[in-house]
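Going from the sequence shown to the numbering used here is simple: count from 1 and add 5.
Note that beta-carbon positions come from the ideal geometry of N, C-alpha and C, so glycine has one too.
Computed from a predicted structure; not experimentally measured.
What follows is a set of notes on a single structure, which appears directly below.
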Amino acid sequence: MTEKEILKTKLKKLTQSQRVEFFRDGGLCVEGLINAEWVKKLNDAVAQFNEESKKLDKSNTTYDLQPGHTKKNPKLRRVTSPCDFNEDLWKILTEGPIGDVAEDLLGHTVRFYQSKLNFKSSKGGTEVKWHQDKPFFPHTNDSVITLGVYLNDCDDPQGPLEIVNGSHKKNTFSHYDNENIWRGNIQETDLKKIDFDNKKVLKGKAGSMAIINYRTVHGSKPNFSDKDRPLLLYVLSSGDSVPYTPQPLKSKYEQIIVRGEYDNRIHCDSGEFVVPPNWTNGYSSIFALQQKENRS
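Here it is in C-alpha cells:
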C-alpha cells in the first residue's frame with residue numbers, strides 16, 4: 006500500500022503523530038507497546054535459545070555464534086527464524102501487539118517475511134555497520150518494515166539501533182565492494198553522501214519497539230556494557246509487496262498472511278536497484294558478512 010492510503014486506515018496501537026513520524030523519518034521507537042507479561046514470555050524464549058547454544062561449538066543454519074563462544078561463556082549472536090521454534094514468538098505477531106502495530110504502518114493486510122533474534126553480548130557484542138535492508142531482500146514495493154522489540158532496557162552503552170532520518174526517501178546503495186563482493190554494508194565512498202548529522206537513536210526500556218522502513222540507513226555500535234542486548238526482529242510487508250529474490254532465512258511461515266486477507270494483487274514501484282547474491286542456500290548472518298568471517 007502507499008503511504009497516503011495507509012495514513013487513512015484506522016489505528017490500533019500507534020497514534021497518528023507516531024505514524025506520521027515513521028513515514029517522515031523512516032523509523033521511530035515507541036515505549037509501552039509490549040506489556041510485562043509478554044516481555045517475560047519473550048525473555049523465557051531467549052533463555053531457552055541461550056541454553057541450546059551452549060551445546061554448540063560452531064555456528065549452524067539456526068545459531069550464529071560470535072568468535073570466542075564457549076559453553077561457560079556463551080556468545081550467541083543470532084537465532085534465525087526463532088518463530089519456528091517458539092510458539093509465543095509467533096503468537097505475539099499473529100494475535101498480539103506486534104501484528105497490531107504492523108497494521109498501523111502497512112495497512113490491514115500484512116505479509117510475514119522473516120524473523121530473527123539478534124544478540125549483542127555484554128562486553129564486546131558485535132557492531133552492525135551502516136546498511137539498508139532493501140539490498141538484502143528487495144520487494145516489489147517499499148511497504149516493508151522491520152519491527153524490533155528490546156527485551157532488556159537499551160540505552161547508549163548497549164548499542165541501540167540508530168537511523169539516519171529521511172534516508173528512506175533517498176538513495177538505495179549497493180552493498181557490494183569495488184571488487185563486486187557482497188559485504189552487507191554501505192561502502193566508504195557512499196557513506197560520504199549520507200547526512201549523519203541527522204541521526205536518531207532508537208533506545209528505550211524493555212518492551213519498547215524500534216521500527217524502521219527497509220530503505221532506512223541504520224546501524225548500531227558495539228555493546229561494551231555489562232548487560233546483554235537481545236533484540237527480537239520481525240520483517241513484514243503489506244500484502245501487495247512480495248520479494249524479488251529468494252528468502253535467505255528459511256522459515257515454515259514464509260509469505261504467510263498474518264493479518265487481513267490477500268486479494269492476489271501486488272503493487273510495483275518504479276526504479277532500479279542492485280540485487281543481492283543468490284540467497285537460495287541462505288547465509289550465516291549480517292554480522293558474519295560484515296566482519297568478513299570465513300565459514301566452513
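CB-CB under 6 Å to residue i, same chain, minus the five flanking residues each way: which ones, in chain order?
i: His-173; result: Gly-31, Asn-218, Arg-220, Thr-221
i: Ser-145; result: The question names Ser, yet the displayed sequence has Thr at residue 145. For Thr-145, where only same-chain residues beyond five positions count, the Cβ hits under 6 Å are Ser-246, Val-247, Ile-271, Cys-273.
i: Ser-213; result: Cys-34, Glu-36, Tyr-155
i: Val-240; result: Tyr-118, Gln-119, Thr-151
i: Trp-187; result: Tyr-181, Pro-282
i: Asn-91; result: Ala-50
i: Thr-67; result: Thr-85
How many Å lie between residue i and residue j at the Cα?
i: Tyr-267; j: Thr-99; result: 15 Å
i: Leu-254; j: Pro-143; result: 14 Å
i: Ile-11; j: Ser-127; result: 39 Å
i: Val-303; j: Lys-121; result: Because the chain here runs from 6 to 301, residue 303 falls outside it and cannot be looked at.
i: Lys-77; j: Lys-63; result: 14 Å
i: Ser-58; j: Thr-85; result: 12 Å
i: Asp-49; j: Pro-235; result: 12 Å
i: Phe-27; j: Leu-19; result: 10 Å
i: Pro-165; j: Val-115; result: 26 Å
i: Asp-89; j: Val-106; result: 21 Å
i: Trp-284; j: Glu-277; result: 19 Å
i: Ser-22; j: Lys-96; result: 27 Å
i: Ala-52; j: Arg-29; result: 37 Å
i: Leu-111; j: Ser-242; result: 7 Å
i: Thr-7; j: Tyr-258; result: 25 Å
i: Gln-192; j: Asn-176; result: 13 Å
i: Gly-101; j: Lys-232; result: 27 Å
i: Gly-189; j: Gly-171; result: 21 Å
i: Thr-14; j: Gly-244; result: 15 Å
i: Glu-184; j: Phe-178; result: 15 Å
i: Val-44; j: Asn-228; result: 21 Å
i: Gly-265; j: Tyr-249; result: 22 Å
i: Lys-226; j: Ala-215; result: 16 Å
i: Asn-286; j: Pro-251; result: 9 Å
i: Asn-269; j: Gly-129; result: 46 Å
i: Asn-123; j: Asp-202; result: 27 Å
i: Thr-75; j: His-113; result: 45 Å
Is residue i near residue j, with beta carbons less than 8 Å apart?
i: Glu-42; j: Lys-210; result: no
i: Asp-160; j: Lys-208; result: yes
i: Pro-162; j: Ser-230; result: yes
i: Gly-153; j: Leu-47; result: no
i: Gly-311; j: Val-133; result: This structure does not reach residue 311, given that the chain is present from 6 up to 301, and the question cannot be answered.
i: Val-169; j: Asp-200; result: yes
What are the boundary residues of the alpha helix (DSSP H) that residue i is part of?
i: Glu-92; result: 92-99
i: Ser-58; result: 41-58
i: Leu-238; result: That residue, Leu-238, is in no alpha helix (DSSP H); its beta strand (DSSP E) goes 236-243.
i: Leu-111; result: 102-111
i: Ile-11; result: 8-11
I'd like the span of the beta strand (DSSP E) that includes residue i, first residue to last.
i: Glu-167; result: 166-169
i: Ile-217; result: 214-218
i: Ile-150; result: 149-155
i: Gly-224; result: 223-225
i: Leu-33; result: 32-35
i: Asp-69; result: 68-70
i: Ile-191; result: Looking at the DSSP string, Ile-191 is not in any beta strand (DSSP E), and its letter there is neither H nor E.
Who are the Cβ neighbours of residue i in its own chain at under 7 Å, not counting the five residues just before and after it?
i: Gln-71; result: Lys-80, Arg-82, Ser-126, Thr-131
i: Asp-158; result: Lys-210, Ala-211
i: Ser-275; result: none
Less than 8 Å between C-beta atoms, sequence neighbours within five positions excluded: which residues of the same chain meet that for residue i?
i: Leu-16; result: Arg-24, Asp-109
i: Thr-194; result: none
i: Ile-261; result: Arg-116, Phe-117
i: Asn-55; result: Pro-79, Leu-81
How many whole angstroms separate the CB atoms of residue i and residue j, which I take to be in contact at a CB cut-off of 8 Å?
i: Glu-167; j: Lys-204; result: 6 Å
i: Pro-87; j: Pro-281; result: The Cβ separation is near 22 Å, so there is no contact.
i: Gly-104; j: Val-279; result: Their Cβ separation, rounded to whole angstroms, is 32 Å, which puts Gly-104 and Val-279 out of contact at 8 Å.
i: Trp-135; j: Leu-61; result: Actually they do not touch by this definition, with Cβ atoms about 30 Å apart.
State yes or no: is the beta carbon of residue i nearer than 8 Å to at least one beta carbon in chain B?
i: Cys-273; result: No chain B is part of this structure, which consists of one protein chain only.
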